[in-house]
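First up is the structure itself, then whatever we jot down about it.
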Amino acid sequence: MKLGLDVHNYLQDKAIKHEIFLIDEPAKTAKRAAAILGLKLQEIVKSIILKIDDKPFNAIIPGNKKVSLKKVKNLFADAKIKLVNSDEAVDLTGYMLGATPPVAHKASTQTIIDESLMGNEVLYTGSGELNAMLKIRPEDLVEVTEAIVADISE
Numbered sequence: 073m074k075l076g077l078d079v080h081n082y083l084q085d086k087a088i089k090h091e092i093f094l095i096d097e098p099a100k101t102a103k104r105a106a107a108i109l110g111l112k113l114q115e116i117v118k119s120i121i122l123k124i125d126d127k128p129f130n131a132i133i134p135g136n137k138k139v140s141l142k143k144v145k146n147l148f149a150d151a152k153i154k155l156v157n158s159d160e161a162v163d164l165t166g167y168m169l170g171a172t173p174p175v176a177h178k179a180s181t182q183t184i185i186d187e188s189l190m191g192n193e194v195l196y197t198g199s200g201e202l203n204a205m206l207k208i209r210p211e212d213l214v215e216v217t218e219a220i221v222a223d224i225s226e
């Protein structure tokens, strides 16, 4: 299983400014992370793993929203799109559920970031471990992941 150190090393190697910090208790959900940090749910970011034509994608969305498969399908025309199950998500990312970071996955994943996140000063997301969070600017996350920025949530 991969850890927060893998995320830190990946971002450091790419010269991306970030912070990984410990939290008082494990946070398996965006809702729990928001409560622990005293933030609004939309300030917490979720990484949802999809397959688009059998290629893994990481959909990064606000904690208070869901991935809209219809909107994702509009981006990729005739592509076959599906959410992966929890076991496959762990296999593709290398991280435990509830701690999936937006970077440093085991399998090479392409990234789509919901455009609504670009208005945030910073994003708080999984760090690879349940007792820590990653803080990163949205523009840095787009840069390091070479993400597509689009409206993908509902």
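According to the numbering used here, the sequence shown is numbered sequentially starting from 73. Note that CB positions come from ideal geometry on N, CA and C, so glycine has one too.
| Item | Value |
| --- | --- |
| Reference glutamate 218, options Ile88, Lys112 and Asn192, closest by Cα | Ile88 |
| Aspartate 96 versus alanine 149: straight-line alpha-carbon distance, rounded | 44 Å |
| Enclosing alpha helix (DSSP H) for lysine 143 [first to last residue] | 141 to 147 |
| Backbone secondary structure at isoleucine 121 - three-state DSSP | strand |
| CB contact flag (glycine 200, valine 79, <9 Å) | yes |
| Test item: CB-CB of leucine 83 and valine 175 under 9 Å | yes |
| Contacts around tyrosine 196, its chain only, beta-carbon distance under 8 Å, and the 5 residues preceding and following it disregarded | Ala105, Leu109, Leu111, Glu115, Ile116, Val117, Met205, Leu206 and Lys207 |
| N- and C-terminal bounds of the beta strand (DSSP E) containing glutamine 182 | 182 to 186 |
| Span of the alpha helix (DSSP H) around valine 194 | That residue, valine 194, is in no alpha helix (DSSP H); it is neither H nor E in DSSP. |
| Distance between beta carbons of lysine 143 and isoleucine 224, contact taken as under 8 Å | 5 Å |
| Among Lys123, Gly198, Pro134 and Ile133, the one whose alpha carbon lies nearest that of methionine 168 | Gly198 |
| Span separating the alpha-carbon of alanine 131 from that of proline 98 | 23 Å |
| Distance cut-off 8 Å: threonine 101 Cβ against heavy atoms of the ligand COA | No copy of the ligand COA appears in this structure; indeed no ligand is present at all. |
| Enclosing beta strand (DSSP E) for isoleucine 88 [first to last residue] | From DSSP, isoleucine 88 is part of no beta strand (DSSP E); its letter is neither H nor E. |
| Strand pairing of asparagine 235, partner residues [DSSP] | It is not possible to answer for residue 235, since the shown part of the chain is limited to 73 through 226. |
| Member of Pro210, Lys152, Lys154 and Thr181 whose CA lies at the smallest distance from the CA of glycine 166 | Thr181 |
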